[in-house]
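Number 80 in our numbering belongs to position 80 of the sequence shown; there are no gaps in the numbering.
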Amino acid sequence: MSNDVHELLGRAADEAGQPATSTRAVYAGAARVRLRRRVGVSVAAVAVVAAGAVAVPSLAPKGDTQETTVAAPVELVGNGGRAKELAKVLPKDVGEIDQVSLSVIRDGDTSEKEMPHLEGPLDGHFSVRKDGGVGYLVIGYMDTGNPGAADDPCKSVQGQPGLADCVNEELPDGRVLTTWSDPMNYGATPQWGKELTGRVTFKDGGVLAVRDSTGFKGERAQGPLLKTPPLTRAQLRALLLSPELLPKK
């Protein structure tokens, strides 16, 4: 997936406070950084959510009054609160849902702040256990305050190819839903399994992003990778269109 989304989704712990500016710039840089920034605008929130794997180009959120939440140790998060609410929105057979901290799983570090721009009611990192494997869903919503700020990750720009299996869907109300796949085979020793990523951009500058990962295979892995992402592309689309993921206005 793009660094943008991943950063929102995955780099939360890494560079939660450092927004990326351009999807293209990220792709041009390290594969990780690249990914983080591409979806960055849209996934800036998600990247923050995804602490670790990917980064999204960060967009400065509107104003400076965003709520900041300190990541809790994995063992203290559990299956209450948001995990239970998310389970109500997901397909019944998706697996066992728990809220986790990817910064703890990835780095064993509980000192970093995750999701500094946490705005959505179900924003967070969630493990999905099924058939002996452990995958992850990372959800993040951000009001960028800049309508049209997100670029099109499906298009090739300046020699950088569009994202794999990238599909844009223009919805009747002006929203644009984009999904793509990412092998996550970056670096000498890739730490993440393949995944699907999706985002919805809103006319008012809001961006919702979801990372749908087969899992983490680093030192602190919670279990084997899932054979496929927790959600199918159709299920990911349905989740992205769920009103339960959006802040009340």
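Beta carbons are placed, not taken as given, at the ideal position from N, Cα and C, and that holds for glycine.
Q) Counting pairs of Cβ atoms below 8 Å between the segment 226-238 and the segment 174-186, do you hit three or more? A) Counting Cβ pairs under 8 Å, three or more are found: they touch.
Q | Contact set for valine 134: own chain, Cβ-Cβ below 6 Å, skip 5 residues either direction | A | Contacts found: Ser127, Gly215, Gln222 and Gly223.
Q. CB histidine 125 to CB leucine 102, shorter than 8 Å?
A. Cβ distance < 8 Å, so histidine 125 and leucine 102 count as in contact.
Q: Take glutamate 170 and list the residues in its own chain whose beta-carbon comes closer than 6 Å to its own, dropping the five residues that flank it on each side.
A: For glutamate 170, the CB contacts under 6 Å within the same chain, skipping 5 residues up- and downstream, are Val176 in chain order.
Q: Measure the C-alpha to C-alpha separation of lysine 249 and glycine 205 and round it to an integer number of angstroms.
A: If I take the Cα positions, the gap works out to 14 Å.
(Q) For valine 167 and cysteine 154, what's the separation of their Cα atoms in angstroms? (A) Taking the straight line joining both Cα atoms gives about 7 Å.
Q | Own chain residues within Cβ distance below 7 Å of proline 264, not counting five before or after | A | Absent from the structure is residue 264, since the part of the chain shown begins at 1 and ends at 249.
**Q.** Simplified DSSP assignment, three categories, for arginine 129
**A.** Secondary structure at arginine 129: strand, using DSSP grouped into helix, strand and coil.
Q) Is DSSP giving leucine 163 helix, strand or coil here? A) For leucine 163, the three-state secondary structure derived from DSSP is coil.
Q | Under 8 Å between C-beta atoms of serine 213 and tyrosine 141 | A | The criterion of a C-beta distance shorter than 8 Å is not satisfied by serine 213 and tyrosine 141.
Q: Following the continuous beta strand (DSSP E) through glutamine 99, name the residue where it begins and the one where it ends.
A: Membership of glutamine 99 in the beta strand (DSSP E) is indicated by the continuous run 96-100.
(Q) Could you compute how far the alpha carbon of arginine 82 sits from the alpha carbon of valine 138? (A) Looking at the two C-alpha atoms, the distance is approximately 12 Å.
Q) If we ignore side chains and look at the alpha-carbon of each, how far apart do glutamate 219 and arginine 106 end up? A) Taking the straight line from one Cα to the other gives about 8 Å.
Q: Determine the DSSP secondary structure at glutamate 85, reduced to helix, strand or coil.
A: Here DSSP, grouped into helix, strand and coil, assigns glutamate 85 to helix.
Q) From Pro121, Gln158, Val157 and Asp151, pick the residue whose C-alpha is nearest to that of valine 200; which is it? A) With distances taken between Cα atoms, valine 200 lies closest to Asp151.
Q) For glycine 187, does the count of other Cβ atoms within 10 angstroms reach 16, so buried, or fall short, so exposed? A) That one is exposed.
Q. What is the rounded straight-line gap between the Cα of glycine 225 and the Cα of lysine 84?
A. According to the sequence displayed, residue 225 carries leucine and not glycine. If I take the Cα positions, the gap works out to 23 Å.
Q: Using three-state DSSP, classify serine 156 as helix, strand or coil.
A: Serine 156 sits in coil when the DSSP states are folded into three classes, being neither helix nor strand.
Q: For glycine 132, count neighbouring Cβ atoms within 10 angstroms of its own Cβ and tell me buried if that reaches 16, exposed if not.
A: Looking at its Cβ environment, which holds fewer than 16 other Cβ atoms inside 10 Å, glycine 132 is exposed.
**Q.** Short Cβ contact (8 Å threshold) for leucine 196 with proline 229
**A.** Yes. Within cutoff.
Q. For alanine 209, does the count of other Cβ atoms within 10 angstroms reach 16, so buried, or fall short, so exposed?
A. Alanine 209 comes out buried.
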